[in-house]
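In the numbering used here, each residue carries its 1-based index in the sequence shown increased by 1.
We put the CB at the ideal spot given by N, CA and C, even for glycine.
First up is the structure itself, then whatever we jot down about it.
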Amino acid sequence: MRLKKLEERFYRMTGETWKLSNGHKLGGDEDLVLENERQTAFETANREAARRRNLPKPSTEVPPPGEQPVPEEVPDLPDEPPEAAEEAVTVALRCPSGRVLRRRFLKSCSSQALFDWMLKIGYHSSLYSLSTSFPRRPLEVEGGPHCRTLQDIGITVDTVLNVEEKEPSN
Numbered sequence: 002m003r004l005k006k007l008e009e010r011f012y013r014m015t016g017e018t019w020k021l022s023n024g025h026k027l028g029g030d031e032d033l034v035l036e037n038e039r040q041t042a043f044e045t046a047n048r049e050a051a052r053r054r055n056l057p058k059p060s061t062e063v064p065p066p067g068e069q070p071v072p073e074e075v076p077d078l079p080d081e082p083p084e085a086a087e088e089a090v091t092v093a094l095r096c097p098s099g100r101v102l103r104r105r106f107l108k109s110c111s112s113q114a115l116f117d118w119m120l121k122i123g124y125h126s127s128l129y130s131l132s133t134s135f136p137r138r139p140l141e142v143e144g145g146p147h148c149r150t151l152q153d154i155g156i157t158v159d160t161v162l163n164v165e166e167k168e169p170s171n
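Listed below in structure tokens is the structure:
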């Protein structure tokens with residue numbers, strides 16, 4: 002009896018009065034009774050808790066062919082000309098991530114090839130634009146990008162273009 006009182010006093014002094022209570026079972030009024038008594042030996046506490054949780058069933062069904070997403074077509078880029086080609090120009094793309102990618106094109110190549118290359122490396126033209134380094138101005142492709150060559154838009158020497166995120170339009 003005396004030991005019990007000393008123990009109570011000690012726990013109150015140290016702020017551990019929770020040790021004096023009988024406690025209660027976590028999880029409230031969950032039913033811990035197993036359906037089969039013979040399963041008790043095989044189930045661990047973790048398996049039992051997982052069984053009681055309401056987890057969604059894993060989907061093993063394959064969606065019907067009509068509902069499968071259609072992969073976007075990535076346009077083919079023109080073949081890269083050799084370094085020694087007279088009409089070749091090297092274009093470097095400076096990406097928002099900091100990467101700089103280089104590729105050679107012919108000056109007579111369509112300006113759309115730059116946007117196709119940008120798409121192929123993961124920057125969609127609806128979200129990103131190309132601009133010159135200095136002076137910083139957007140790459141002009143008036144008249145449609147299909148009918149203008151790299152030479153027409155001013156890319157006649159080795160050039161660095163910046164891939165920039167477009168401003169969201171509200």
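Pairwise C-alpha distance: residue j and residue i
i: Ala-89; j: Leu-162; result: 16 Å
i: Ser-132; j: Pro-76; result: 21 Å
i: Tyr-12; j: Leu-21; result: 8 Å
i: Pro-83; j: Thr-91; result: 11 Å
i: Glu-17; j: Arg-10; result: 10 Å
i: Ile-122; j: Arg-138; result: 22 Å
i: Gly-99; j: Ser-134; result: 14 Å
i: Arg-3; j: Gly-24; result: 23 Å
i: Arg-54; j: Trp-19; result: 28 Å
i: Lys-5; j: Ala-51; result: 40 Å
i: Thr-15; j: Leu-7; result: 12 Å
i: Ala-46; j: Leu-115; result: 59 Å
i: Asp-80; j: Pro-97; result: 26 Å
i: Thr-160; j: Val-101; result: 12 Å
i: Tyr-124; j: Pro-136; result: 22 Å
i: Glu-168; j: Cys-148; result: 26 Å
i: Gln-113; j: Ala-85; result: 23 Å
Beta-carbon separation (whole angstroms), residue i vs residue j, contact threshold 8 Å
i: Met-119; j: Ser-126; result: 6 Å
i: Val-158; j: Arg-95; result: Not a contact, Cβ separation roughly 17 Å.
Bridge-paired residues (DSSP) for residue i
i: Thr-160; result: Val-92
i: Thr-150; result: Ser-111
i: Leu-7; result: In DSSP, Leu-7 forms no bridge with anything.
i: Arg-103; result: Ala-93
i: Thr-133; result: Leu-162
i: Pro-139; result: Ser-132
Sub-7 Å separation of residue i and residue j beta-carbons
i: Glu-166; j: Tyr-129; result: yes
i: Glu-141; j: Ile-156; result: no
i: Lys-108; j: Leu-151; result: yes
i: Arg-103; j: Ala-93; result: yes
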